[in-house]
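First up is the structure itself, then whatever we jot down about it.
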Amino acid sequence: DIQNGFRQGRSTTDSLLSILRDSLYALNNRKVMILIFLDVKGAFDNIVHRQILNGLVKANIQGTLMNFSIEYMSGREVAVLVGESKSENK
Numbered sequence: 867d868i869q870n871g872f873r874q875g876r877s878t879t880d881s882l883l884s885i886l887r888d889s890l891y892a893l894n895n896r897k898v899m900i901l902i903f904l905d906v907k908g909a910f911d912n913i914v915h916r917q918i919l920n921g922l923v924k925a926n927i928q929g930t931l932m933n934f935s936i937e938y939m940s941g942r943e944v945a946v947l948v949g950e951s952k953s954e955n956k
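Structure below.
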């Protein structure tokens, strides 16, 4: 129940307050917190996944985050389904 986007009665402010709360908890308890922000509107039409992965390598990103990124961006396709109509996979 952490999604705020596209939900009635939820807003960007709710998301920011959640991030602030979780950040303060991590800071006060000497925990590590990683935030990843994705705006995927048109992402599969306009982005070259290999360039993102190369950027992560150059930034020396390793371990779980790198493995997740590789898995997430490899071999993915997207299609839009509206009613009985479906777009081509891209």
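Sequential numbering of the sequence shown, starting at 867, is according to my numbering. Backbone N, C-alpha and C fix where the C-beta goes; we use that ideal spot for every residue, glycine too.
Option nearest Q917 by Cα separation, candidates N870, S935 and G929: S935
Beta-carbon spacing of L922, M932 below 8 Å: yes
Host alpha helix (DSSP H) of G929 (start-end): G929 to M939
Backbone CA spacing between V898 and Y891 [nearest angstrom]: 10 Å
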